[in-house]
Amino acid sequence: MTTATHLRTIALRWTDLQTALATTGTATWPPAGRMSDYLRDLDDADAELAEAARWQAAYNRKYLDRDPTQVGATRPPLRIEILDTMRTVEARLTETGDQVAAAVQRSPMTFAPRGWPAADRARRDALARADTVDPRRWRYGGRHTAPHTALWLLARVQGRPGPFRPLPEREGQLIADVAREACARVENALDIADRTAVLATPCPRMINVVFPCGGRIEMYGGAGAEPVAHCTECGHIWTGQDAAAVA
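Be aware that the sequence shown starts at 0, since it is given in this note's numbering, and climbs by one per residue.
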C-alpha cells in the first residue's frame with residue numbers, strides 16, 4: 000500500500016471506528032468455533048471428566064457470572080480498545096500535521112503599507128485577508144479530526160495547490176511512516192487487516208492409530224479472505240469454516 004492509500008483508508012474507515020466504538024462485540028484472533036470444539040474434545044479423553052466440566056460450566060453461568068444489574072464493575076458503555084485506537088491515531092496525525100505545516104506552510108500575505116494608493120491598498124488588503132483565512136491552511140493548536148488531518152496530509156503528499164512550499168523529503172518520509180502505522184492500527188481495530196497467528200494447540204490429526212501429529216499450526220486470514228490453517232509438520236490444511244474455527 001502507498002502512503003496515499005494509507006491516508007485514504009484512515010479517512011474512509013473513521014466512520015466504521017465510530018460505529019464500532021459503541022458496539023459490544025469484540026474481535027478475536029484467531030476466530031473460535033467448531034474446530035476449536037473438536038480440538039478441545041480431543042483433550043477430553045475421559046468422557047466422565049468432560050461431562051463434569053460441562054456441568055461445572057453450566058453451574059458457573061447460572062450462579063457465578065455477574066448480573067449487569069449487580070453493584071460493581073460492569074461492561075463499559077464504549078469499547079476501550081477502539082477508543083484508545085482513535086485517540087492514538089488522532090493525536091499522532093495532529094502532531095504530524097503540526098510538523099509538516101511548520102516546514103511547508105508559508106506565512107500569510109502582509110497587509111499594504113499606509114503609504115500605498117487607496118485602490119492598491121484595498122486590493123492588497125483584500126488578498127491578505129483571504130490568504131489569512133484560507134481554509135487550506137493548517138491551524139496550529141486547533142481541534143483536528145483524524146479524517147481532516149489525513150486528507151490534509153494527503154494533499155501535501157500530492158502537491159495540491161495552496162499556501163504551501165513543496166514537501167521536503169524528510170517530511171514526506173515522516174508522513175509515510177505515520178500513515179502506515181496509523182492505517183495498521185485502524186485496520187487491526189476493525190479486524191480487517193491481514194493476520195497471521197501460530198496456534199497454541201498442536202495439530203490433532205492422527206498419524207497412526209495411537210499418536211496425533213502434534214505439529215505447529217499456522218493460521219492466515221483477514222482482510223475479507225477466509226482463514227486458512229496449515230500444519231507445518233504434516234502439511235494438512237484447514238479451509239473455510241473449519242479453519243475459521245481453529246483456536
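Heads up, the beta-carbon is just placed ideally off N, CA and C, and yes, glycines get one too. Since we're looking at a predicted model, the values are computed, not measured.
Checklist entry - Measuring CB to CB, does A10 end up less than 8 Å from L126? => result Position 11 of the sequence shown, counted from the start, is the residue given in the question as residue 10. Position 127 of the sequence shown, counted from the start, is the residue given in the question as residue 126. Between A10 and L126, the CB-CB gap reaches or exceeds 8 Å.
Checklist entry - Whose C-alpha, out of V227, G213 and W13, is nearest the C-alpha of R204? => result Numbered from 1 along the sequence shown, position 205 holds the residue referred to as residue 204. Minimum Cα distance to R204 is reached at G213.
Checklist entry - Roughly how many angstroms lie between the CA atoms of P146 and A3, to the nearest whole one? => result As a first step, residue 146 must be located in the sequence shown, where it is residue number 147. As a first step, residue 3 must be located in the sequence shown, where it is residue number 4. Computed Cα separation, rounded: 13 Å.
Checklist entry - Three-state secondary structure (DSSP) at M205? => result Position 206 of the sequence shown, counted from the start, is the residue given in the question as residue 205. Here DSSP, grouped into helix, strand and coil, assigns M205 to strand.
Checklist entry - In whole angstroms, what separates the C-alpha of R91 from that of V177? => result The count along the sequence shown starts at 1 and reaches residue 91 at position 92. The count along the sequence shown starts at 1 and reaches residue 177 at position 178. Spanning the alpha carbons of R91 and V177 requires a straight line of approximately 7 Å.
Next on the checklist: Does any residue of chain B have a CB that is nearer than 8 Å to the CB of C182?
Outcome noted: This model lacks chain B altogether; it includes just one protein chain.
Item to check | Euclidean distance between Cα positions of R128 and A183 | outcome: As a working mapping, residue 128 is identified with position 129 in the sequence shown. As a working mapping, residue 183 is identified with position 184 in the sequence shown. Taking the straight line joining both Cα atoms gives about 40 Å.
Checklist entry - In three-state terms, what does DSSP make of W137? => result One-based indexing of the sequence shown puts residue 137 at position 138. It is coil, neither helix nor strand.
Checklist entry - Quick one, are the C-beta atoms of M85 and L16 less than 8 Å apart? => result As a first step, residue 85 is located in the sequence shown; it is residue number 86 there, counting from the start. As a first step, residue 16 is located in the sequence shown; it is residue number 17 there, counting from the start. In contact: M85 and L16 (Cβ atoms closer than 8 Å).
Checklist entry - Where DSSP assigns a beta bridge to I216, which residues make up the other side? => result Walking along the sequence shown from the start, residue 216 turns up at place 217. Per DSSP, C230.
Checklist entry - Between which two residues does the alpha helix (DSSP H) containing P146 stretch? => result Locating residue 146 in the sequence shown gives position 147, counting from the first residue. It spans A145 to V156 - the alpha helix (DSSP H) in which P146 sits, taken as one unbroken run.
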